[in-house]
Amino acid sequence: MKVAFIGGGKMAEAILHGVLSGRLAGPKDISVGEPVAERREYLTSQFGVNTDADNLKTAEQADLVVFAIKPQDLGPVMGQLKGKLGTDQAALSIVAGAKMETLTKGLGHTSVVRVMPNTPAQIGAGMTLWTCSDGVDESRREMTKSVLESIGQEIYVDDEKYMDMATALSASGPAYVFLFIEALIDAGVYVGMPRDMARTLALQTIFGSTKLVMDTGMHPAELKDMVVSPGGTTAEALRVLEDQGVPAAIVSAVDAAYRKSIQLGQG
1 MKVAFIGGGK MAEAILHGVL SGRLAGPKDI SVGEPVAERR EYLTSQFGVN
51 TDADNLKTAE QADLVVFAIK PQDLGPVMGQ LKGKLGTDQA ALSIVAGAKM
101 ETLTKGLGHT SVVRVMPNTP AQIGAGMTLW TCSDGVDESR REMTKSVLES
151 IGQEIYVDDE KYMDMATALS ASGPAYVFLF IEALIDAGVY VGMPRDMART
201 LALQTIFGST KLVMDTGMHP AELKDMVVSP GGTTAEALRV LEDQGVPAAI
251 VSAVDAAYRK SIQLGQG
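With the numbering used here, the residue at position 267 of the sequence shown is 267, and numbering never jumps.
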């Protein structure tokens with residue numbers, strides 16, 4: 001397959017790396033449209049891919065044209081490419097909040113895929129939700145699925161409403177987890193532990209706990225109860241977290257991100 005990236009930032013690099021690592025395409029079959037010369041030089045030297053400042057030239061001949069740009073740049077970029085994509089090309093957008101209708105009208109193109117990945121895609125451990133228009137043929141759907149599988153796990157949905165939900169839960173989710181990791185490490189330091197030791201304990205605890213949920217298939221509440229002894233240290237810690245409203249704050253945070261995603265999509 002041939003893949004073009006409009007925008008050469010971190011997420012584009014993550015997908016590009018996945019495509020190359022999965023041998024879905026070779027360097028010469030990948031083009032990146034990027035306005036910053038230093039970034040173009042980096043991508044060419046690091047991966048051997050074609051780079052150009054001209055988005056229209058970049059998109060030529062590609063099976064998939066991946067829009068990996070900031071929301072505020074989407075309008076001008078779509079204006080450059082409106083009516084220029086061929087019927088055998090699919091436009092794949094990872095732009096937060098950009099709805100299918102916006103992409104279809106803005107590009108003057110009916111073969112559109114909306115994708116919401118997250119940053120762990122950078123190490124092949126991403127979680128991506130995606131949907132597409134009826135104009136995307138089976139071949140391009142399979143290409144999209146293969147590309148997304150190269151950066152982690154993917155889930156296809158028929159209803160676009162889940163995309164804003166995924167934005168709030170899995171796309172923004174790593175930031176919530178990083179905040180918790182940071183706080184847990186700081187807590188270890190606060191009680192007197194060396195920072196490097198606190199970091200190791202916190203990271204392995206979170207990694208192991210996540211793996212335990214995934215491998216056993218048990219409900220997190222069941223596994224939580226297995227750690228708690230009556231009148232013990234864990235029970236005391238959980239009491240403080242509940243009193244401070246931590247579980248409710250997490251729900252409120254995801255809900256706020258969800259509403260913000262909807263708002264962004266409305267312009």
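Beta carbons are placed, not taken as given, at the ideal position from N, Cα and C, and that holds for glycine.
Residue i and residue j closer than 8 Å at C-beta
i: residue 59; j: residue 3; result: no
i: residue 22; j: residue 150; result: yes
i: residue 97; j: residue 252; result: no
i: residue 199; j: residue 160; result: no
i: residue 152; j: residue 173; result: no
i: residue 33; j: residue 52; result: yes
i: residue 94; j: residue 76; result: no
i: residue 64; j: residue 8; result: no
i: residue 67; j: residue 91; result: yes
i: residue 110; j: residue 135; result: yes
i: residue 164; j: residue 131; result: no
i: residue 146; j: residue 100; result: no
i: residue 143; j: residue 11; result: no
i: residue 71; j: residue 264; result: yes
i: residue 20; j: residue 47; result: yes
i: residue 106; j: residue 84; result: no
i: residue 229; j: residue 237; result: no
Continuous alpha helix (DSSP H) stretch holding residue i: start and end
i: residue 208; result: 195-216
i: residue 15; result: 10-21
i: residue 221; result: 220-227
i: residue 86; result: No alpha helix (DSSP H) contains residue 86, which DSSP labels as neither H nor E.
i: residue 69; result: Counting along the chain, residue 69 falls outside any alpha helix (DSSP H), and DSSP gives it neither H nor E.
i: residue 233; result: 233-243
i: residue 177; result: 173-190
i: residue 264; result: 246-265
i: residue 37; result: 37-47
i: residue 59; result: 55-59
Residue interval of the beta strand (DSSP E) (run including residue i)
i: residue 51; result: 50-52
i: residue 33; result: 30-33
i: residue 92; result: 90-93
Alpha-carbon to alpha-carbon, residue j and residue i
i: residue 6; j: residue 30; result: 11 Å
i: residue 227; j: residue 193; result: 22 Å
i: residue 175; j: residue 202; result: 16 Å
i: residue 207; j: residue 244; result: 25 Å
i: residue 49; j: residue 148; result: 19 Å
i: residue 247; j: residue 180; result: 12 Å
i: residue 183; j: residue 190; result: 10 Å
i: residue 213; j: residue 40; result: 41 Å
i: residue 210; j: residue 221; result: 13 Å
i: residue 170; j: residue 28; result: 32 Å
i: residue 154; j: residue 57; result: 30 Å
i: residue 266; j: residue 167; result: 15 Å
i: residue 38; j: residue 73; result: 19 Å
i: residue 108; j: residue 123; result: 34 Å
i: residue 15; j: residue 54; result: 20 Å
i: residue 88; j: residue 45; result: 30 Å
i: residue 119; j: residue 86; result: 30 Å
i: residue 233; j: residue 215; result: 26 Å
i: residue 78; j: residue 239; result: 51 Å
i: residue 186; j: residue 128; result: 31 Å
i: residue 196; j: residue 178; result: 16 Å
i: residue 320; j: residue 17; result: Within the shown structure, residues of the chain are numbered from 1 to 267, placing residue 320 beyond reach of any answer.
i: residue 224; j: residue 137; result: 45 Å
i: residue 242; j: residue 217; result: 25 Å
i: residue 231; j: residue 219; result: 23 Å
Bridge partner(s) assigned by DSSP for residue i
i: residue 269; result: Residue 269 is absent from the model: the chain starts at 1 and stops at 267.
Practice task
Could I get the ranges of all uninterrupted beta strand (DSSP E) runs contained in the region 104-160, with 3 residues as the minimum, in chain order?
Solution key: 112-116, 126-132, 152-156
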